[in-house]
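Asks: Numbering (the working numbering), first residue to last: 370 to 1319.
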Amino acid sequence: MDVPDTPDERQDARQHPEYPVAWEADVVLRDGTTMHVRPLRPDDADAIQRFQVAQSERSAYFRFFAPVRRLTDRELNRLTHLDQRDRVALVAVRPGVDDDGRPREDVLGVARYDKVSPAEAEVAFNIADAMQGKGLGSVLLEHVAAAARERGVRRFTADVLPQNSSMLAVFRDAGYAVSQHLDDGVVTVAFDLDPTERSREVMADREHRAEARSMQALLSARRVLLVGPGPVGPAGATPEHHLAQRVVDAAAADPGDTRLTVLGAPGPVPDAPGLAVAASWDDALGVEGGANGAADGGAADGGAADGGAADDDADEGVDLALLSVPPDDAVDAVRRLAGRGVRGVVVLAAGYAETGPDGLARQRELVRAAHAGGMRVVGPASFGLLTTTPGARLHASLAERSPRAGVVGMFCQSAPAAVTLTRTLERRGLGVSALLSAGHRADVSGNDLMQYWQDDARTAVVCLYLESIGNPRKFSRIARRLAGVKPVVVVVAGRSGQVVPPGHAVRATRAPRRLLDEMLRQSGVIRAENTHQLMDVAQVLAHQPLPTGGRVGILASSAALAALVAEAAAAAGLVVAASSDFLPPDATDEQIAHVTDALYAPGACDVVVAVDVPVVVPRTGAVARAVAEAAARTGRTTVASMLGLSGLPDELAATGPDGTPVRIPAFSTPEDAVTALGKVVTYARWRTEDRGTHVRPEGMDARRARRLVEGWLADAEGGDGRVLTQDETAELLDCYGVRLWRSRTVRTADEAVAAADALGWPVALKTASTALRHRTDLGGVRLDIADAAELRADVERMRQVALEVLGEDEPAMEVQAMAPVGVPCVIRSGEDPLFGPKVSFGLAGDATDLLDDVAYGIPPLTDVDVAAMVRTVRAAPRLFGYGGAPEADIDALEDVLARVSVLADDLPELASLELYPVVVGSVGVSVLHAVVRLRSGAQRADAPRRALPG
370 MDVPDTPDER QDARQHPEYP VAWEADVVLR DGTTMHVRPL RPDDADAIQR FQVAQSERSA
430 YFRFFAPVRR LTDRELNRLT HLDQRDRVAL VAVRPGVDDD GRPREDVLGV ARYDKVSPAE
490 AEVAFNIADA MQGKGLGSVL LEHVAAAARE RGVRRFTADV LPQNSSMLAV FRDAGYAVSQ
550 HLDDGVVTVA FDLDPTERSR EVMADREHRA EARSMQALLS ARRVLLVGPG PVGPAGATPE
610 HHLAQRVVDA AAADPGDTRL TVLGAPGPVP DAPGLAVAAS WDDALGVEGG ANGAADGGAA
670 DGGAADGGAA DDDADEGVDL ALLSVPPDDA VDAVRRLAGR GVRGVVVLAA GYAETGPDGL
730 ARQRELVRAA HAGGMRVVGP ASFGLLTTTP GARLHASLAE RSPRAGVVGM FCQSAPAAVT
790 LTRTLERRGL GVSALLSAGH RADVSGNDLM QYWQDDARTA VVCLYLESIG NPRKFSRIAR
850 RLAGVKPVVV VVAGRSGQVV PPGHAVRATR APRRLLDEML RQSGVIRAEN THQLMDVAQV
910 LAHQPLPTGG RVGILASSAA LAALVAEAAA AAGLVVAASS DFLPPDATDE QIAHVTDALY
970 APGACDVVVA VDVPVVVPRT GAVARAVAEA AARTGRTTVA SMLGLSGLPD ELAATGPDGT
1030 PVRIPAFSTP EDAVTALGKV VTYARWRTED RGTHVRPEGM DARRARRLVE GWLADAEGGD
1090 GRVLTQDETA ELLDCYGVRL WRSRTVRTAD EAVAAADALG WPVALKTAST ALRHRTDLGG
1150 VRLDIADAAE LRADVERMRQ VALEVLGEDE PAMEVQAMAP VGVPCVIRSG EDPLFGPKVS
1210 FGLAGDATDL LDDVAYGIPP LTDVDVAAMV RTVRAAPRLF GYGGAPEADI DALEDVLARV
1270 SVLADDLPEL ASLELYPVVV GSVGVSVLHA VVRLRSGAQR ADAPRRALPG
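1) Given Ala-1133, which residues of its chain have a CB within under 6 angstroms of its CB, disregarding the five upstream and five downstream residues?
2) Could you please give the first and the last residue of the uninterrupted alpha helix (DSSP H) stretch that includes Ile-847?
3) Between Ser-486 and Asp-455, what straight-line distance do the alpha-carbon atoms span, to the nearest angstrom?
4) What would DSSP say about Val-1122, mapped onto helix, strand or coil?
5) Near Asp-1070, which residues of its chain fall below 7 angstroms by C-beta distance, leaving aside the five closest residues on each side in sequence?
6) Excluding the 5 residues flanking Val-460 on each side, which residues of the same chain have their C-beta closer than 6 angstroms to its C-beta?
7) Which word fits Asn-446, buried or exposed, when buried means at least 16 other C-beta atoms lie within 10 angstroms of its C-beta?
8) Do you know how far the Cα of Gly-1149 is from the Cα of Val-1174?
9) Which residues share a DSSP beta bridge with Met-779?
10) Whose C-beta lies closer than 8 angstroms to the C-beta of Val-571 among residues of the same chain, with five residues either side of it excluded?
11) If contacts are defined as beta-carbon pairs under 8 angstroms, then Asp-1232 and Gly-1061 qualify, I think. What distance do you get, rounded to the angstrom?
12) Please state if the CB of Arg-762 and the CB of Asp-975 are separated by a distance shorter than 8 angstroms.
13) Between Val-714 and Val-703, is the Cβ-Cβ spacing less than 8 angstroms?
14) In the DSSP output, what is Asp-1201 paired with across the bridge?
15) Counting along the chain, where does the beta strand (DSSP E) carrying Met-346 start and finish?
16) Note down, in chain order, each residue of its chain lying with its Cβ closer than 8 angstroms to the Cβ of Ala-1074, except the 5 sequence neighbours on either side.
17) Determine whether the beta carbon atoms of Arg-931 and Ala-979 lie at a separation below 8 angstroms.
18) Quick check: the stretch 638-653 against the stretch 768-785, are there 3 or more CB pairs under 8 angstroms?
19) Apply the 10 Å Cβ neighbour rule to Arg-709 and answer buried if 16 or more other Cβ atoms are within range, or exposed otherwise.
20) Can you tell me which of Ala-546, Leu-1017, Val-555 puts its alpha carbon nearest to the alpha carbon of Pro-564?
21) Could you check if Val-992 is buried or exposed, using at least 16 other CB atoms within 10 Å of its CB as the buried criterion?
22) Answer with buried or exposed for Asp-640, where buried requires no fewer than 16 other C-beta atoms within 10 angstroms of its C-beta.
23) Measure the alpha-carbon distance for Val-1043 versus Ala-941 and round it to whole angstroms.
24) How would you call Arg-796, buried or exposed, if buried means at least 16 neighbouring beta carbons within 10 angstroms?
25) To the nearest whole angstrom, what separates the beta carbons of Gly-506 and Val-558, a pair I think is in contact under 8 angstroms?
26) Spatial neighbours of Leu-1109 within its chain, please: CB distance less than 6 angstroms, with the 5 preceding and 5 following residues excluded, ordered by chain position.
27) Using alpha carbons as the reference points, say which of Val-406, Trp-392, Met-888 lies closest to Leu-398.
28) What is the rounded straight-line gap between the Cα of Gly-1205 and the Cα of Ala-573?
29) By DSSP, does Thr-1117 sit in helix, in strand, or in coil?
30) Grab me the residues of Ala-1267's own chain with a C-beta within less than 6 angstroms of its C-beta, minus the 5 sequence neighbours each way, in chain order.
31) Would you give the residue range spanned by the beta strand (DSSP E) that Met-584 belongs to?
32) Check each candidate in Pro-1030, His-512, Arg-419 and name the one with the smallest Cα separation from Asp-468.
33) When the Cα of Arg-523 is compared with those of Lys-484, Pro-987, Thr-957, which residue comes out closest?
34) Where are the alpha helix (DSSP H) runs, 4 residues long or more, that stay fully inside the stretch 1056-1142, in chain order?
35) Out of Leu-587, Val-593, Gly-636, which has the shortest C-alpha to C-alpha gap to Glu-609?
36) Identify, in the order they occur along the chain, each residue of the same chain with its Cβ nearer than 8 angstroms to the Cβ of Leu-754, setting aside the five sequence neighbours on each side.
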């Protein structure tokens, strides 16, 4: 029996109680094509047999240590009937057809493991000959390792023939600590599955290359197919007709270097260069399309296997498809494109997730079909994409005109946002290298474009207009790496990032709004407040060098204006240089030259703001020319606000000593100029600072913590998790090197005295009630109790408080030995469905509870991130000797914070953790109380395996 082909049949297969649906994923391979990975099912037997028969004798020998050409029925049964716990197999599949033209799924790779002990399994791989060298083995290793960890396996072993160098390289290059030895002609490989810093780096690097290559294939497309809805019917034109007609009209006006073929034209197609009409799918895809569409993901005839542009001489075939058809027809269109060398599909029409659950299901089916066929999806409801590469301009967009060429890579989501951005770019004269609108971003997102733009020599500045962020952890990781080499400017709609537009499939979040701000700060991106400010900052970055410092020299047309600019500069974090000056309205050319030369003298300042707003005497342009020439001559970062000038005017253009043209961006107000400059200076400073290394303190046992958590959750009733006891909490924290001060729960004075005798005097007495635990003002805490008489009296007073405030006549209390004096702090962590693990820090008491004076971080954190969290809270001076107090042990505090961040990063099951108070003394810290709540961990958006959304 072959693989189910209809959605209903596939759903029935997935509903088998042992079938782990969560292991299904779409992946990007090294060549930028996509593929579906899923658990192996019993009904895959025929596909597995075909896969084995098609393998070369060499590949079969490497897998089975014998020239197995065909599997016996018994072998097939053993290989395909699995419990998906102790015996697990994953397959990589793509759609194919049988000899009669009926659809089927073809297996192109298999990864499996069989447990040999509760925590160890033997792993094996078999990759189709045509897929070897495309990174499929590495992808399958990531996925089968993730599945094994979920099933409690902590170590893989494998037997590999010495000649199988490719498989040995897969293990060796994955970043794990691999051991191997040769015995009786077989290499035995073994490695632990816990992710390491190196394995994470390897995965991120492979992910970067693969996703960049997939974007390169889209943006270098030359042969574009527009699939329209056909002629307008009696009912009139639909939105799909209007969208398709706009694409045709734009291509007729300016096709760029794109050859556009129209199938299902909404009306007459002009006879214009670069435009063609196809009468059928066969015509559209080329007679050779089916024969040359390689099932192994290779390029069709004339396509570029490495994701580059198609051969100019190849008229047949399609690189990129634009769909402007109703949603019900889109999936069929995508399936027709599969296997034809098409690398991407741009869905222009709406009618998907924004319409409700049925629309979301249609959207997911479309994405699955595209990924299975090796294609990426841009949209739905996309404005399209375009590039300005000389000689290879791509126009696959609803834009009436292409923007001018430049160095800004522009990404947005909704089509209305793209319209606003393209018009603003045109008005300001700001050029782009590429512009892509992801619509509902069902697949391609800003993360993919950042991966591509990192290595794109034509893109120097990256601008993102984000209406939602689907995977903040991945965004932060990619943006941080990209921002280290190129500036990234980001606008988040709604500022909080918690607005989810219709059609965007985004996980709900319970995170505070400030967490997004911290994530962006941690990533090193430049946060713009709106589109206007995005363009302001982009103008500076695209046409001026990065500043070398924050000393600003001001040249103004009046003393009053100079004072106002100086105030704005201070508010933007800049330091006004002594070289600042102003010019009188009737300044001569000699005066202008003298002041300008002084301002641009070596060492006079780092950046310049030039403001020329005459009141009566008309502006002559002399100041603009002098400033432009000085900026070009010295290479000093300069911005201007001059009456009548905006964007990138010719009046503020000059040529540098090396012949390079330089343009000074002009702003409508001095405040806009200074604000943009301040953000650029802050970014330049971040580029030069030490960004630290990921924290991983010594003395931690993540494997022991994992075993404990799994055991506690297995014992939990109802599946809602549980709150750990004090002993369990202490044991979990001990796994990460955090010592919890022990306390004893009491209800009577006699019990309190006995506890104090056991713990040692002096002691503290606290109510166990969460409402009073930290309220010394209400009598919920008594400190420095020296003897039994004092303790008995405090017990009675606390019982009275509990009765008056809580209505409890026998309250639970805690007795604890007194810790060294210090500054009380609070450290919390939790697992958010969208952001994943988050950590917060603040000083205990009103600063945290009333004023929300809290710093946030998203693990994994670096040592620099940890230090910044401690220092950025407004009450931080209390830790550094405020008011003559001794300085707290900051190193010890940062150590605890770092350990908590690693704990949160390691354990998705950690629903919440609170260390309150953490008393930071002059030497060491004391964690006096902790509450931990666990729940079964959901799959994180940025899991330790590569997978596409959808």
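Quick reminder that beta carbons are idealized off the backbone N, C-alpha and C, glycines included. For clarity, every value in this text was computed on a predicted model and none was experimentally measured.
Replies: The relevant details are as follows:
1) Leu-1152, Gln-1185, Met-1187
2) 841-852
3) 9 angstroms
4) helix
5) Cys-1104
6) Leu-409, Val-476, Val-479
7) exposed
8) 10 angstroms
9) Leu-804, Cys-832
10) Asp-542, Ala-543, Gly-544
11) 4 angstroms
12) no
13) yes
14) Gly-1205
15) A question about residue 346 goes unanswered here, because the residues of the chain that appear run from 370 up to 1319.
16) Leu-1101, Cys-1104, Tyr-1105, Leu-1272, Asp-1275, Leu-1276
17) First, the residue type needs correcting, since residue 931 is Ala and not Arg in the sequence shown. It is not a contact, given that the beta carbons lie outside the stated cut-off.
18) no
19) buried
20) Ala-546
21) buried
22) exposed
23) 7 angstroms
24) exposed
25) Not really, about 13 angstroms apart at Cβ, beyond 8 angstroms.
26) Ala-1099, Leu-1102, Val-1296, Ala-1299
27) Val-406
28) 18 angstroms
29) coil
30) Val-1064, Pro-1066, Val-1235
31) No beta strand (DSSP E) holds Met-584; the alpha helix (DSSP H) holding it covers 566-588.
32) Arg-419
33) Lys-484
34) 1071-1084, 1095-1104, 1118-1128
35) Gly-636
36) Leu-587, Leu-588, Val-715, Val-747, Leu-763, Ala-765, Ser-766, Ala-803, Leu-804, Leu-805, Ser-806
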